[in-house]
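Protein chains: 2
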Amino acid sequence: MTGTMYGVGLGPGAPDLVTLRSARLIGAAQVIAYPTLAGAPSFARSIVADLIPPGATEIAIEIPMVRERGPAQAAYDAGAARIAEELAQGRDVVTLCEGDPFLYGSFMYLHARLAPRFRVEIVPGVTSMTAASAAARRPLAARDEVFTVLPAPLSDDALTAGIAGADSVAIMKLGRHLPKVRRVLDALGLTDRSIYVERATLGSETVCPLAEAPEKAPYFSMILVLKGNDPWL
Amino acid sequence: MTGTMYGVGLGPGAPDLVTLRSARLIGAAQVIAYPTLAGAPSFARSIVADLIPPGATEIAIEIPMVRERGPAQAAYDAGAARIAEELAQGRDVVTLCEGDPFLYGSFMYLHARLAPRFRVEIVPGVTSMTAASAAARRPLAARDEVFTVLPAPLSDDALTAGIAGADSVAIMKLGRHLPKVRRVLDALGLTDRSIYVERATLGSETVCPLAEAPEKAPYFSMILVLKGNDPWL
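Quick mapping for you: the protein sequence lines, in order, are chains S and W. Residue numbering for the first sequence follows this note's numbering, beginning at 54 and increasing consecutively. Residue numbering for the second sequence follows this note's numbering, beginning at 54 and increasing consecutively.
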């Protein structure tokens, strides 16, 4: 009997936005795996540090911070091989995933490598998009509105088309792409419908109109563009 | 001192996909409010029935099942007035929301009426979209992919444009719109990229290729259209 790999969503960052199911799986885990950017502490692990059993084996998957995909692919290869060893010996492995495992999560790279050979269970988590909407106190989408998620690295044209085609938009992974996204929203006349949200649900959370956003955005920031404006819906 | 209204997301339906924060708020509630379709038990209440304190006051907001918006608006007016009475007397009110409160949730109608006058806190929840993706064991979006949510009541043209502009799509609220959505996906040549998911995370969950989906879909069903297909990402 081989073990099961669990991909458990942890939500946007506040420890109490973890689901009961994820908390239970983590609390009972023999083996825990998580990604970590080379040299830095793991954000995923920090969310649930208080839930990890003291005796658990921990597999830290160090992702190199370079733009080429080769080195990261090699890191996922190595991480998947290490997890596979545990699964092959019949131990379950609980893999920690910021947000939701299947929405822009690095867990997908492990899933692609291991799902063909082992039993995998996914536990969905609260996404940063709805957490940002809650932090901004503004509904994301109602009735028959179209809601689109756009990664900020997309081109000006792709961002423009995506924003134009939706009623509400979440633009993720801002980082160094913030000036480009500002330019696109200005050109569409949507800056005053745009809200900047940084580190939603964390102690350092920032929410403000885009016009008042800082010059530099971290990776864990997003812009919500909310075109609808009927206060009584 | 007036009370606080909490809009707490409950996730897609499995009781253990509630967050720790929502569970704590419900377990400590003096007053609980929830929507219910006239004559039927409340789905939201059923998710967390085991967490509601025995002595809690319950406010059931009966939503009439008619297509005109007037009667539903009147029901939200009355529900909001009843909640306002409790808040005005200094009691907190925990309002139960299927999925996430701010993504196609009926909570928005209460929020629009009460947020101008009372303190409101939103607790985000797991959405049915990522729960469906987990159930289907298929990632929703990776890297720089565009993800769009489309309500099935939209027109053929609006659905076609939304699907064409995204890499992954979740088509929500299928119900009686299933034949139209099938037609649109067939015309786009995307039927074999489409997965039907009904009642994700519940005991009666169904996941199958769209071609094998039943003729009739309930409201709590969706189609995931996943154009990307690189197993190693």
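Quick reminder that beta carbons are idealized off the backbone N, C-alpha and C, glycines included. Model, not experiment: these values are computed from the prediction.
Thinking C-alpha only, which one of the options is nearest residue i?
i: W:Ala214; options: W:Glu198, W:Met225, W:Val237 and W:Pro232; result: W:Val237
i: S:Glu139; options: S:Ala82, S:Ala187, S:Gly178 and S:Cys261; result: S:Ala82
i: S:Thr244; options: S:Val222, S:Ala253, S:Thr148 and S:Gly80; result: S:Val222
i: W:Gln142; options: W:Gly132, W:Ala125, W:Asp153 and W:Phe171; result: W:Phe171
i: W:Thr259; options: W:Pro107, W:Arg246, W:Ser274 and W:Glu268; result: W:Ser274
i: W:Thr180; options: W:Glu151, W:Ala194 and W:Glu174; result: W:Glu151
i: S:Val176; options: W:Pro169, W:Ser186 and W:Val173; result: W:Ser186
i: S:Ala109; options: S:Pro124, S:Val71, S:Ile79 and S:Ala240; result: S:Ile79
i: S:Ile105; options: S:Val71, S:Ala76 and S:Leu163; result: S:Ala76
i: S:Tyr129; options: S:Ala86, S:Ser257 and S:His230; result: S:Ala86
i: S:Asp239; options: S:Cys261, S:Ser257, S:Met225 and S:Leu212; result: S:Leu212
i: W:Ala188; options: S:Ala131, S:Ala270, S:Pro267 and S:Phe155; result: S:Phe155
i: S:Ser159; options: S:Glu265, S:Ala125 and S:Arg120; result: S:Ala125
i: W:Val71; options: W:Ser95, W:Pro94 and W:Val101; result: W:Val101
i: W:Ile224; options: W:Ala270, W:Ser257 and W:Glu265; result: W:Ala270
Tell me residue i's beta-bridge partners as DSSP assigns them.
i: W:Ala113; result: W:Tyr87
i: W:Gly62; result: W:Cys150
i: W:Ser274; result: W:Glu251
i: W:Ile175; result: W:Gly60
i: W:Ser257; result: Note: W:Ser257 sits in no beta bridge, so no partner.
i: W:Met225; result: W:Pro204
i: S:Ala194; result: W:Leu156
i: S:Pro262; result: S:Ile248
i: S:Thr55; result: DSSP output for S:Thr55 lists no bridge partner at all.
i: W:Met279; result: This sequence places Leu at residue 279 of chain W; Met is not what is there. In the DSSP output, where bridge partners are listed per residue, W:Leu279 has W:Ser221.
i: S:Thr72; result: W:Thr72
Beta-carbon separation of residue i and residue j under 7 angstroms?
i: S:Ala184; j: S:Ala97; result: no
i: S:Val146; j: S:Ile136; result: yes
i: W:Leu167; j: W:Met58; result: yes
i: W:Asp69; j: S:Arg74; result: yes
i: W:Gly228; j: W:Tyr157; result: no
i: W:Arg191; j: W:Leu263; result: no
i: W:Val84; j: W:Arg144; result: yes
i: S:Leu193; j: S:Gly66; result: no
i: W:Thr201; j: S:Thr201; result: yes
i: W:Gly178; j: W:Gly64; result: yes
i: W:Gly60; j: W:Asp153; result: no
i: W:Val250; j: W:Asp220; result: no
i: S:Met182; j: W:Ala195; result: no
i: W:Ser247; j: W:Ile276; result: yes
i: W:Leu163; j: W:Ala127; result: no
Quick check: the region 79-90 of chain W against the region 105-123 of chain W, are there 3 or more CB pairs under 8 angstroms?
-> yes
Looking at C-beta atoms only, is the number of pairs between the region 224-237 of chain W and the region 199-207 of chain W that lie closer than 8 angstroms three or more?
-> yes
Listed from N- to C-terminal order along the chain, which residues in the region 218-252 of chain W have their beta-carbon within a distance smaller than 8 angstroms of any beta-carbon of chain S?
-> Gly218 and Ala219
For the region 96-129 of chain S, enumerate the residues whose C-beta is nearer than 7 angstroms to any C-beta of chain W, in chain order.
-> none
The region 252-273 of chain W: which residues have C-beta closer than 7 angstroms to a C-beta of chain S, in chain order?
-> none
Chain W contacts made by the region 154-169 of chain S, where a contact means CB separation under 9 angstroms = Pro154, Phe155, Leu156, Tyr157, Gly158, Phe160, Met161, Tyr162, His164, Ala165, Arg166, Ala168 and Pro169
For the region 195-213 of chain W, which residues have a CB atom closer than 8 angstroms to at least one CB atom of chain S, in sequence order?
-> Ala195, Arg196, Asp197, Glu198, Val199, Phe200, Thr201, Val202, Leu203, Pro204, Pro206, Leu207 and Ala211
Just by C-beta distance, which residues in the region 62-80 of chain S are closer than 8 angstroms to chain W?
-> Gly62, Gly64, Pro65, Ala67, Pro68, Asp69, Leu70, Val71, Thr72, Leu73, Arg74, Ala76 and Arg77
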